[in-house]
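Peer 1: Protein chains in written order, with our numbering: chain A, 9 to 274; chain B, 116 to 245. Cβ coordinates follow ideal geometry from the N, Cα and C atoms, glycine included. What you are looking at is a predicted structure, and each value in this text was computed from that prediction instead of being measured.
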Amino acid sequence: MQRMIPVDKLARPEDHILLPAQRLRKARGEQGLTPGNAMPYEDDFLKSRMHGICAGEFQAMEAAGRTLYDFPDAPWEFQLDMARQVWDESRHAEIYMKLLEYVGSYYGEFPEGEVLWSCTQAEDPAARVAGINRGLEGLACDVFEQLIRIAQKMGDSTIERSVDYVLADEITHVRMGSKWMRQLTEGDPERLKRAQAFQDSIDDLFNFGGGRTTVEQAGHIKQRVNEKEIEIDSSITIAREARLLAGFTEEEIDRLIKGFGKSSAY
Amino acid sequence: MKMPDLGERGNVTGPQPIAQIVEPPAAMLAAARSLLNALMRGDRAGVEAMTAEQAREDMDRIASEIKPGRYDKFELIGRGRISRHYFLKARLTGTDAPRFTIQFRLGEDDGKWTVREALNLTGRRSGWTK
């Protein structure tokens with residue numbers, strides 16, 4: 009049975025533009041934008057960020073489904089958790105499609121990258137959940153917490169509540185990942201080390217060269233929203249409180265802030 | 116798809132949806148049509164004139180794979196933007212000709228839209244294929 013299927017085997021509508029990450033970065037760079045994701049101070053920030061998240065929810069749904077399918081000999085409770093996650097991610101994708109419409113966009117307005125799928129490229133279920141549930145869903149905690157704060161400043165309860173609802177699920181996904189990373193590697197420290205190393209590679213991938221910081225330390229920039237002027241973060245922040253709720257340790261969060269992706273078991 | 120009711124809107128700022136859909140610029144779509152017509156005609160000079168230096172090699176390769184007059188119709192099947200640049204996916208068709216799919220990015224400088232990168236997607240599963 010083939011595991012770790014390549015990204016271009018994922019089914020997408022023909023009218024979608026699918027691009028490797030380097031082409032996305034190139035297109036942004038040529039326009040004088042930061043090469044990675046849309047930053048909070050850009051005109052298109054809300055649309056672009058929600059689009060990226062929506063695509064991420066689809067890929068996370070596919071990833072959890074793939075994990076369920078790839079490891080038929082894993083404990084039944086593990087499979088049940090993966091099945092639940094598929095259902096969660098499908099609701100999230102639906103919520104973000106509605107939010108896209110709410111901010112005057114639609115799924116497919118922007119190209120979809122493939123980088124999130126790289127989080128699935130592990131042969132071992134322990135590494136798979138370490139990468140997806142702890143690495144990727146940990147990043148989701150950061151991104152969602154920032155969106156919630158921006159929505160609060162905008163006075164937009166629709167975005168605030170919708171994203172908060174999704175964040176609650178992501179926190180349970182991180183916890184699920186921690187639980188299974190630990191249980192599946194019990195008595196096998198080498199396997200645990202490999203799973204952690206895989207998560208480290210995901211954390212490094214999304215740490216943007218150490219360019220992320222805490223909510224408190226983030227720079228701010230003024231932006232007009234209709235009649236209001238609000239101050240928003242000028243970079244992607246790390247959500248300490250949400251990550252603590254998800255079960256990350258203070259040490260792990262500090263390492264992320266310092267630009268190291270090294271995780272420890274707990 | 117119609118926007119569903121998302122609940123309490125009392126303290127939401129401004130009209131809803133809170134921003135408008137960005138329509139693709141007419142000049143960009145016109146440039147795409149000109150480019151595709153030039154490709155189908157085999158007008159290499161026309162294609163080159165619409166291609167930025169950085170994409171010339173790729174575009175030249177694509178143009179050389181399209182036999183002049185073999186295709187007589189095109190369809191823009193996909194569009195996605197990154198800020199002010201547009202990626203377009205187009206399919207060329209012709210009688211007895213295998214379908215030809217191309218994806219390219221258009222950007223504008225001083226009112227002129229030019230190709231910044233191009234990919235031949237014919238026979239590939241998706242643009243994700245590296």
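(1) Thinking C-alpha only, which one of 157(A), 173(A), 85(A) and 133(A) is nearest residue 101(A)?
(2) Just the chain B side, please: which residues come within less than 9 Å of residue 172(A) by C-beta, in chain order?
(3) Is the beta carbon of residue 174(B) closer than 8 Å to that of residue 212(B)?
(4) Please decide whether residue 25(A) counts as near chain B, where near means a Cβ-Cβ distance under 8 Å.
(5) Once you ignore the five residues that flank residue 56(A) on each side, which residues in its own chain have a CB closer than 8 Å to its CB?
(6) Taking the runs of the alpha helix (DSSP H) that are 4 residues or longer, which of them lie wholly in the stretch 33 to 70 of chain A?
(7) Spell out a yes or no on whether the stretch 189 to 203 of chain A and the stretch 121 to 128 of chain A are touching, meaning 3 or more CB-CB pairs, one atom from each, closer than 8 Å.
(8) Alpha carbons only, please: which of 64(A), 253(A), 227(A) and 182(A) is nearest the one belonging to residue 15(A)?
(9) At a CB-CB cut-off below 8 Å, which residues of chain B make contact with residue 39(A)?
(10) Going along the chain, which residues of the stretch 204 to 215 of chain A sit with their C-beta nearer than 9 Å to a C-beta in chain B?
(11) Quick check on residue 64(A) - is its C-beta less than 8 Å from some C-beta in chain B?
(12) Do residue 143(B) and residue 82(B) come within 8 Å of each other at the CB atom, strictly closer than that value?
(13) Mind checking which residues open and close the beta strand (DSSP E) that includes residue 231(B)?
(14) For the beta strand (DSSP E) containing residue 202(B), name the first residue and the last one.
(15) Round the Cβ separation of residue 194(B) and residue 207(B) to the nearest angstrom and send it over; I've been treating them as touching at under 8 Å.
(16) Rounded to a whole number of angstroms, what is the C-alpha to C-alpha distance between residue 196(A) and residue 189(A)?
(17) Between which residues of its own chain and residue 205(B) is the CB-CB distance below 6 Å, once the five residues before and five after are set aside?
(18) Would you identify the three-state DSSP class for residue 130(A), choosing helix, strand or coil?
(19) Between which two residues does the alpha helix (DSSP H) containing residue 224(B) stretch?
(20) Any Cβ of chain A within less than 8 Å of the Cβ of residue 142(B)?
(21) If you compare alpha carbons, which of 219(B), 226(B) and 238(B) is closest to residue 162(B)?
(22) In whole angstroms, what separates the C-alpha of residue 59(A) from that of residue 155(A)?
(23) Measuring straight from C-alpha to C-alpha, what distance separates residue 143(A) and residue 215(B)?
(24) Spell out the partners DSSP gives residue 26(A) in its beta bridges.
(25) In this structure, does DSSP put residue 164(A) in helix, strand or coil?
(26) Identify which residue in 17(A), 261(A), 256(A) and 10(A) has its Cα closest to the Cα of residue 239(B).
(27) Sort 111(A), 140(A), 150(A) and 165(A) by Cα distance to residue 133(B) and report the nearest one.
(28) Report the rounded CA-to-CA distance for residue 169(A) versus residue 244(B), giving the unit in angstroms.
(29) At the 8 Å Cβ level, is residue 81(A) part of the contact set with chain B, yes or no?
(30) So, do the stretch 67 to 83 of chain A and the stretch 246 to 257 of chain A have three or more beta carbon pairs nearer to each other than 8 Å?
(31) Take the Cβ of residue 34(A) as the centre, count every other Cβ of all protein chains shown within 10 Å, and call the residue buried at 16 or more, exposed below.
(32) Is residue 220(A) helix, strand or coil by DSSP?
(33) Below 8 Å on the Cβ atoms is my contact criterion, and I expect residue 245(A) with residue 221(A) to pass it. Report the Cβ-Cβ distance as a whole number of Å.
(34) Exposed or buried, which one is residue 120(B) when buried takes at least 16 other CB atoms within 10 Å?
(35) Could you give the distance in angstroms between the alpha-carbon of residue 193(A) and the alpha-carbon of residue 225(A)?
(36) Residues of chain A with a CB under 8 Å from the CB of residue 240(B): which are they?
Peer 2: Let's see:
(1) The shortest Cα separation from residue 101(A) among 157(A), 173(A), 85(A) and 133(A) belongs to 173(A).
(2) Going along chain B, no residue has its Cβ under 9 Å from residue 172(A), so there is no contact; the nearest lies around 12 Å.
(3) no
(4) Closer than 8 Å: yes.
(5) These residues qualify, in order along the chain: 45, 46, 50 and 118.
(6) none
(7) no
(8) 64(A)
(9) Within chain B, the residues near residue 39(A) are 197, 198, 199, 200 and 222.
(10) none
(11) no
(12) This structure gives no information on residue 82(B), because the portion of chain B shown stretches from 116 to 245.
(13) 227 to 235 is the extent of the beta strand (DSSP E) around residue 231(B).
(14) 200 to 209
(15) About 16 Å; that fails the 8 Å criterion.
(16) Roughly 11 Å between the two C-alpha positions.
(17) Contacts found: 151, 189, 191 and 217.
(18) coil
(19) Run containing residue 224(B): none in the alpha helix (DSSP H); it sits in the beta strand (DSSP E), 212 to 224.
(20) no
(21) 219(B)
(22) 13 Å
(23) 39 Å
(24) 120(A)
(25) coil
(26) 17(A)
(27) 111(A)
(28) 37 Å
(29) no
(30) no
(31) buried
(32) coil
(33) 6 Å
(34) In this prediction, residue 120(B) scores a pLDDT of 47, lower than 50, which makes its location untrustworthy; no coordinate-derived value is stated.
(35) 36 Å
(36) 16 and 17
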